[in-house]
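Residue numbers (this note's numbering): 124 to 224. Step one of this worksheet: look at the structure below.
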Amino acid sequence: LDAEGRFAVSDNAWAMHLLGLQRELPGTSYTALTEALPMLRAVKDAAELERLTAAGAAADATYEEILKVRFSGRREVDVAIDLAALLREFGHSQVDFTVVG
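Right, dumping it as structure tokens:
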């Protein structure tokens, strides 16, 4: 840990842990994670913007293709499998879940 750093601490952290950090690293400062996290997520660097743009383009291309797939008479899970395959085909390295409905 940076002895002069600023750290975010979980709102659920036990006081004994925070007090221990303050004692061992007296030059540090702390903030609640719920205050720090939204801004960490809000500010994007160029690489993250590039990845988000690519993910959006892949999702758009997938949408165009999934419209060509027959939905009626099929189980939702089977359509979800097709959707996941299309997402991977258009560049997603991993598909954790799909929304069909």
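All residues carry an ideal CB built from backbone N, CA and C; glycine is no exception.
Are the beta-carbon atoms belonging to residue i and residue j less than 7 Å from one another?
i	j	result
glutamate 127	glycine 143	no
alanine 203	valine 218	no
alanine 182	threonine 154	no
leucine 156	serine 133	yes
valine 192	aspartate 205	yes
With 16 as the cutoff for other CB atoms within 10 Å, does residue i come out buried or exposed?
i	result
threonine 221	buried
leucine 190	exposed
threonine 185	buried
leucine 172	exposed
leucine 175	exposed
Can you look up residue i in the DSSP assignment and give me helix, strand or coil?
i	result
valine 200	helix
alanine 155	strand
arginine 227	With the chain represented from 124 up to 224, any question about residue 227 goes unanswered, as that position is not in the structure.
alanine 126	coil
alanine 136	coil
Apart from the five residues on each side of it in sequence, which residues of its chain come closer than 6 Å, Cβ to Cβ, to residue i?
i	result
leucine 210	Thr185, Val218
glutamate 188	Leu209
> Does the count of Cβ pairs from the stretch 155 to 171 and the stretch 191 to 201 closer than 8 Å reach three?
Replying inline: no
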